[in-house]
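Sequence lines, in order, name chains A and B.
Each step along the first sequence adds one to the number in the numbering used here, with nothing skipped, and position 2 is 316.
Each step along the second sequence adds one to the number in the numbering used here, with nothing skipped, and position 24 is 300.
Where is the CB? At the ideal position from N, CA and C, for every residue including glycine.
Below is one structure, written out as structure tokens; comments come after it.
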Amino acid sequence: MPEGLREFLAMGGYWPYVWPSFAIALGIMLWLLLASLGEARRSQRLLAELRALRSEPGEGGDAT
Amino acid sequence: MHRFANPARFARLSARALPWAWAVAGLALGSGLVGGLLLAPADYQQGDSVRIMFVHVPSAWMAMFVYAFMAAASAVGLIWRHALADIAAKAAAPLGAGFTFAALATGSLWGQPMWGTWWVWDARLTSVLVLFFLYLGYIALWQAIEDPGKAARAAAILALVGVVNLPIIKFSVDWWNTLHQPASVLRLAGPTIHSSMLWPLLLMAVGFKAYFVAVLLLRMHAELNWRRIRALRLTAGESTDSSHGFATLPAERASL
């Protein structure tokens with residue numbers, strides 16, 4: 315490993331605190347994003363199926 | 277159907293706003309991370325541990341901002357019976373809980389090397405923990421009451437009562453003795469933090485906020501879909517000729 319990268323990853327010896335902090339904060343944000351995306355897609359699909367079943371005229375293109 | 281007139285407009289507006297929110301979030305978080313991890317100097321007292329600030333402080337700001345947003349939306353929903361306001365408040369809660377948890381966890385990871393302890397029961401930390409529980413209680417209340425109208429009212433009242441916690445969090449570092457350092461950015465006399473650390477911090481804050489807007493719109497869109505699904509099912513349940521009113525659909529089965 316190049317010296318510069320090793321030094322960066324070591325964070326002056328604080329790596330056990332710095333990297334988990336970034337991982338937790340950004341990880342939670344990613345997790346909530348993926349969960350919300352999944353929820354939006356699932357609801358969109360179910361709504362489309364229900365409307366097709368009832369042959370109700372849709373309200374047009376919804377945002378996803 | 278006039279109740280859906282506003283949500284239809286909301287769908288159009290949010291479709292237009294979403295790409296911008298994503299672009300701002302991506303750019304601000306990307307440049308903020310580069311600035312915070314690579315360009316900003318290590319602190320003369322705290323060394324490289326100070327970099328935790330670049331996720332801790334935006335998380336903590338968002339923890340409070342999202343609660344204020346949720347309470348304001350709850351008030352609008354309670355007073356004007358505006359369904360979109362209730363939906364906005366409901367959609368914001370898990371994001372607020374996430375930011376609060378991140379603030380607590382990163383604060384703990386910062387406290388261990390700097391204060392020599394993961395946790396102290398002082399006013400700042402305890403009041404933020406209370407904020408986290410307020411979010412959880414709010415989410416649980418929505419889940420416990422089936423009727424969306426009743427759930428919205430009960431949850432809104434909880435959100436509004438919890439607002440009293442916000443000034444306690446903000447001023448806890450001034451009112452009581454604490455290990456937590458006082459504000460160094462949001463103070464009347466201007467920031468005391470050096471500009472080389474301030475600009476990545478502000479970029480991260482902008483990125484967190486844009487992320488919140490984007491995911492909030494996404495969650496509101498999903499919640500509106502669930503309400504339409506619920507409405508479709510209720511009308512189907514009332515009519516006599518519907519043979520498949522409550523049948524399980526393939527997409528639904530996939531989600532179980």
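Starting from residue i, find everything on chain B with Cβ-Cβ shorter than 9 Å and list it in chain order.
{"i": "Leu348(A)", "result": "Result: empty, since nearest Cβ-Cβ is about 10 Å, beyond 9 Å."}
{"i": "Gly326(A)", "result": "Ala318, Gly323, Asp324, Ser325"}
{"i": "Arg320(A)", "result": "Those within 9 Å of Arg320(A) in chain B number zero; the least Cβ separation is about 13 Å."}
So what does DSSP say about residue i, is it helix, strand or coil?
{"i": "Pro295(B)", "result": "helix"}
{"i": "Gly341(A)", "result": "helix"}
{"i": "Asp324(B)", "result": "helix"}
{"i": "Ser290(B)", "result": "helix"}
{"i": "Thr378(A)", "result": "The predicted position of Thr378(A) is uncertain, since its pLDDT is 46 and thus under 50; no value can be drawn from it."}
{"i": "Leu532(B)", "result": "Unreliable positioning characterises Leu532(B) in this predicted model, as indicated by a pLDDT of 41, which lies under 50. The coordinate reading is nonetheless provided below. The answer is coil: DSSP assigns Leu532(B) none of H, G, I, E or B."}
Return the first residue and the last residue of the alpha helix (DSSP H) that residue i is part of.
{"i": "Thr454(B)", "result": "Neither: Thr454(B) is in no alpha helix (DSSP H) and is coded neither H nor E."}
{"i": "Leu405(B)", "result": "399–420"}
{"i": "Arg429(B)", "result": "424–438"}
{"i": "Val342(B)", "result": "329–356"}
{"i": "Ser369(A)", "result": "It is not in any alpha helix (DSSP H) - Ser369(A) carries neither H nor E in the DSSP assignment."}
{"i": "Asp362(B)", "result": "359–391"}
{"i": "Leu323(A)", "result": "317–324"}
Closer than 8 Å to a non-hydrogen atom of the ligand MG - does that hold for the CB of residue i?
{"i": "Ile469(B)", "result": "This structure lacks the ligand MG, and indeed carries no ligand of any kind."}
For residue i, go through chain A and note every residue whose CB falls closer than 9 Å to its CB, in chain order.
{"i": "Ile505(B)", "result": "Ser357, Leu360, Leu361, Leu364"}
{"i": "Pro370(B)", "result": "Leu346, Ala349, Ser350"}
{"i": "Phe377(B)", "result": "Ile338, Ile342"}
{"i": "Val331(B)", "result": "Ser335, Phe336, Ile338, Ala339, Leu340"}
{"i": "Leu385(B)", "result": "Pro330, Tyr331, Val332, Pro334, Ser335, Ile338"}
{"i": "Val491(B)", "result": "Met343, Leu346, Leu347, Ser350, Leu351"}
Please say whether residue j and residue i have beta carbons closer to each other than 9 Å?
{"i": "Leu380(B)", "j": "Leu401(B)", "result": "yes"}
{"i": "Leu500(B)", "j": "Ala287(B)", "result": "yes"}
{"i": "Val332(A)", "j": "Ser448(B)", "result": "no"}
{"i": "Arg560(B)", "j": "Ser350(A)", "result": "The structure shown has nothing for residue 560(B), since chain B only spans 277 to 532."}
{"i": "Val476(B)", "j": "Gly311(B)", "result": "Reading off the sequence shown, one finds Pro at residue 476(B), where the question assumed Val. Yes, the Cβ-Cβ distance between Pro476(B) and Gly311(B) is below 9 Å."}
{"i": "Leu309(B)", "j": "Phe330(B)", "result": "yes"}
{"i": "Ala284(B)", "j": "Val489(B)", "result": "no"}
{"i": "Ala304(B)", "j": "Ala486(B)", "result": "yes"}
{"i": "Ala432(B)", "j": "Leu354(B)", "result": "yes"}
{"i": "Trp337(B)", "j": "Phe484(B)", "result": "yes"}
{"i": "Trp298(B)", "j": "Lys366(B)", "result": "no"}
{"i": "Val491(B)", "j": "Val333(B)", "result": "no"}
Assuming the contact rule is C-beta atoms closer than 8 Å, residue i and residue j should be a hit. Round their C-beta distance to whole Å, please.
{"i": "Arg503(B)", "j": "Pro424(B)", "result": "7 Å"}
{"i": "Ala347(B)", "j": "Val439(B)", "result": "5 Å"}
{"i": "Leu371(B)", "j": "Leu319(A)", "result": "Actually they do not touch by this definition, with Cβ atoms about 34 Å apart."}
{"i": "Met473(B)", "j": "Ala316(B)", "result": "5 Å"}
So with CB distances below 7 Å, who are the chain A contacts of residue i?
{"i": "Pro317(B)", "result": "Correct list: empty, because the minimum Cβ distance to chain A is about 11 Å."}
{"i": "Thr382(B)", "result": "Ser335, Ile338, Ala339"}
{"i": "Ile328(B)", "result": "Tyr331, Val332, Ser335"}
Please list, in chain order, the chain A residues whose beta carbon lies closer than 8 Å to that of residue i.
{"i": "Asn501(B)", "result": "Ala354, Ser357, Gln358, Leu360, Leu361, Asp376"}
{"i": "Gln388(B)", "result": "Tyr331"}
{"i": "Ser335(B)", "result": "Ala339"}
Given that residue i touches chain B, what residues does it touch there, using C-beta distances under 8 Å?
{"i": "Leu351(A)", "result": "Leu494"}
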